[in-house]
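Numbering (this note's numbering), first residue to last: 598 to 817.
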């Protein structure tokens, strides 16, 4: 009989080859997916670390602007000392925070790094139901203040919620704070807890949560 493969043998070889290629392709795509998810999570953790460190440093340097650092600065003091508001954007919980601080960041050598400044944190959404971006504005006292919710630099993005809890001198928590009126008039909170959540594309029901707290030396 002449040598060669039967039709059944050829079909069997094709089936085995297809099975092996499919297994290798599945393994590679699974590996690349894990790598992409790991890199994405690493980026989220890095953003969270930078954002929480920046907010903590700003709050730790907060001071009551009703007590000027120098007589010359008294005329430039804003009416509001420390205002934290609870808000919602597109069904996503967020907060807006504005206060006087000594943690001014200067991008020019001609400007002093330390000095009284008004710092504001606010959120903005990408689209009607998109993730939240967190912005930080830093306006030295005496300069023109931009409109509320504008003039800031992007601090982190892809958030599903942003929250601040303010604690008074007795340790009681408050979800808002206004040093211009009410029981907290003329006072800074003694401590602030910060919670930021990043959207989790693989499991939306389990966002990446990061929580920290900072004491305000001049608060209470």
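Cβ coordinates follow ideal geometry from the N, Cα and C atoms, glycine included.
- In the structure shown, residue 775 falls within a strand segment according to DSSP collapsed to helix, strand and coil.
- Residue 728 is not bridged by DSSP to any residue.
- Nearest neighbour of residue 804 by Cα position, chosen from 609, 638 and 618, turns out to be 638.
- Of the residues assessed, residue 751 falls on the exposed side of the cut-off, its CB having fewer than 16 other CB atoms within 10 angstroms.
- DSSP places residue 646 in the helix class (H, G or I) of the three-state scheme.
- Of the candidates 754, 728, 817 and 735, 817 places its Cα closest to the Cα of residue 770.
- Residue 735 carries a strand assignment under DSSP once its states are collapsed to helix, strand and coil.
- Separation of residue 606 and residue 626 (C-alpha to C-alpha, rounded to the nearest whole angstrom) is 30 Å.
- Residue 697: member of the beta strand (DSSP E) spanning 689-698, first to last residue.
- Between the segment 616-625 and the segment 640-656, the count of C-beta pairs closer than 8 Å stays below three; the two stretches do not touch.
- Between the C-alpha atoms of residue 649 and residue 611 there is a straight-line separation of about 57 Å.
- Residue 759 sits away from residue 790, with the two beta carbons spaced by 8 Å or more.
- In this structure residue 697 is in contact with residue 678, their Cβ atoms being roughly 6 Å apart against a cut-off of 8 Å.
- The beta carbons of residue 681 and residue 726 sit no closer together than 8 Å.
- With a threshold of 16 other beta carbon atoms within 10 Å, residue 802 falls short and is exposed.
- Residue burial is scored here from C-beta neighbours: residue 745 has fewer than 16 other C-beta atoms within 10 angstroms and is therefore classed as exposed.
- Membership of residue 790 in the beta strand (DSSP E) is indicated by the continuous run 788-795.
- The continuous beta strand (DSSP E) containing residue 684 extends over residues 679-686.
- By a beta-carbon distance limit of 8 Å, residue 728 does not contact residue 749. Their separation comes to about 17 Å.
- Between the alpha carbons of residue 661 and residue 787 lies a gap of roughly 12 Å.
- When the alpha-carbon of residue 739 is set against those of 714, 785, 656 and 797, the nearest one is in 714.
- In the displayed model, residue 808 falls within a strand according to three-state DSSP.
- Setting aside the 5 residues that flank it on each side, residue 815 is surrounded in the same chain by 659, 660, 661 and 785, each with a C-beta closer than 7 Å to its C-beta; the list follows chain order.
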